[in-house]
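Asker:
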Amino acid sequence: MIEYLLSFSKFAVLVNIGALVLYQFIAPKKTAFTIIVFITILLSVIHIGLEIVLFKISENETFSPLVKHLWYIGFAASDFIAVSLCAIKCKKNNLKLDRVSQFILFTYLAFGFIQLVRYADRIVIKTDVLGDVYSSIIPALNLGVMVAVCSSLIITLFYFLERIIGTAND
Amino acid sequence: MIECILLATCLILGIFSVVRYISANRIDSKKTISTDKLTDSYAAELFLESLDVNLKYSDAKEKEKRAIEIFQENKAVRDLNRTNIVKYKNIIYLKKSA
Chain L
1 MIEYLLSFSK FAVLVNIGAL VLYQFIAPKK TAFTIIVFIT ILLSVIHIGL EIVLFKISEN
61 ETFSPLVKHL WYIGFAASDF IAVSLCAIKC KKNNLKLDRV SQFILFTYLA FGFIQLVRYA
121 DRIVIKTDVL GDVYSSIIPA LNLGVMVAVC SSLIITLFYF LERIIGTAND
Chain R
1001 MIECILLATC LILGIFSVVR YISANRIDSK KTISTDKLTD SYAAELFLES LDVNLKYSDA
1061 KEKEKRAIEI FQENKAVRDL NRTNIVKYKN IIYLKKSA
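Have a look at this one:
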């Protein structure tokens, strides 16, 4: 499971980096989408680092309760900070959020609140009923973000090729 | 106790990010942007958007070109414009008069 999560996260980072580079090549301008994808990449790298560090710490049983706190709170806080950063940056630059950007930010907000709900469920009220939901919804949301980034890129690529073909015909 | 404090702190951070997200979604560039900061390409984009012309994924130059074409095709639009065809005041004026 751990290997799966890490490999999926790494794959998502690679896809996002590829998408950002390609997007900058075909539409070289600063948009809300590019800012959000860039911050998403940074966030994914931070998450991967956090996962690795927490798994290492959890090997020592003395620190395992600390890992439980850091896991949920760390991920939730980083998601919220990333969304706030994106929103502040876009507002500062008067960049309008397109639908894909809105979706990505909304997904990260959802990530954060899911982490908090799971934290309350597992650590605060100790009911532990959301384990299955949590383990299936997080990869699903990750996949959703990846699909959104790729579909936006494909649409942009389509318009780019259309323009190139149009220019060649002229 | 510490769990509750952590949860509450993170919840406040979450609420803050939701507020920022809503605020970013409600950007009304036409109201907030100053004319000094408005580039021709951005003005063109606002103008095309106001006319529901879909050039969302086109580049800035193409948008400017299309905005100019629309201005030139439409006499009423052209008459309204005296000096710069894609400047902020004209766009707002056009939008109001539409």
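Protein sequences appear in the order of chains L and R.
Residue 1 is where the first sequence starts when you use this note's numbering, and the numbers rise one by one after that.
Residue 1001 is where the second sequence starts when you use this note's numbering, and the numbers rise one by one after that.
Ideal Cβ placement from N, Cα and C applies to all residues, glycine included.
#1: Can you list, in chain order, the residues of its chain with a C-beta nearer than 8 Å to that of L/THR34? Leave out the 5 residues immediately preceding and following it.
#2: Closest to L/ILE138 by CA distance: which of L/GLU162, L/ALA110, L/ILE154 and L/ILE123 is it?
#3: Rank L/SER152, L/VAL15 and L/ILE36 by C-alpha distance to the C-alpha of L/LYS89 and give the top, closest one.
#4: Please report the Cβ distance between L/CYS150 and L/VAL13, rounded to the nearest whole angstrom; I am assuming they are in contact, meaning their Cβ atoms lie under 8 Å.
#5: Given that R/ALA1008 touches chain L, what residues does it touch there, using C-beta distances under 7 Å?
#6: With a threshold of 7 Å between beta-carbons, can R/ARG1020 be considered close to chain L, or not?
#7: Please return the same chain residues whose Cβ sits closer than 8 Å to the Cβ of L/VAL45, not counting the five positions on each side in sequence.
#8: Between L/GLY112 and chain R, is the shortest Cβ-Cβ distance under 7 Å, so that the two count as touching?
#9: Using 8 Å as the threshold, is the segment 112-130 of chain L in touch with the segment 1003-1017 of chain R, meaning 3 or more CB pairs across them?
#10: Along chain A, which residues have their Cβ under 7 Å away from the Cβ of L/HIS47?
#11: Taking the alpha-carbon positions, what's the L/THR62 to L/VAL133 distance?
Answerer: Walking through what the data contain:
#1: Sequence index remark: in the first sequence, residue 34 of chain L carries index 34 (1-based). The residues are LEU20, TYR23 and GLN24.
#2: Translated into positions along the first sequence, residue 138 of chain L becomes position 138. Minimum Cα distance to L/ILE138 is reached at L/ALA110.
#3: Residue numbering aside, residue 89 of chain L sits at position 89 when the first sequence is read from its first letter. The residue with the shortest Cα to Cα distance from L/LYS89 is L/ILE36.
#4: Counting from 1 along the first sequence, the entry for residue 150 of chain L is found at position 150. Counting from 1 along the first sequence, the entry for residue 13 of chain L is found at position 13. About 14 Å separates the two Cβ atoms, so there is no contact after all.
#5: If you number the second sequence from 1, residue 1008 of chain R lands on position 8. Near R/ALA1008 there are no residues of chain L at all, since even the closest Cβ is about 10 Å away, more than 7 Å.
#6: Taking the first residue of the second sequence as position 1, residue 1020 of chain R is located at position 20. Chain L, which has a Cβ nearer than 7 Å to the Cβ of R/ARG1020, makes this yes.
#7: Reading the first sequence from its first residue, position 45 is the one you call residue 45 of chain L. Correct list, in chain order: VAL13.
#8: Numbered from 1 along the first sequence, position 112 holds the residue referred to as residue 112 of chain L. Judged by the 7 Å Cβ criterion, L/GLY112 is in contact with chain R.
#9: yes
#10: The displayed structure is made up of protein chains L and R, and chain A is not among them.
#11: Locating residue 62 of chain L in the first sequence gives position 62, counting from the first residue. Locating residue 133 of chain L in the first sequence gives position 133, counting from the first residue. Answer to the nearest angstrom: the Cα atoms are 28 Å apart.
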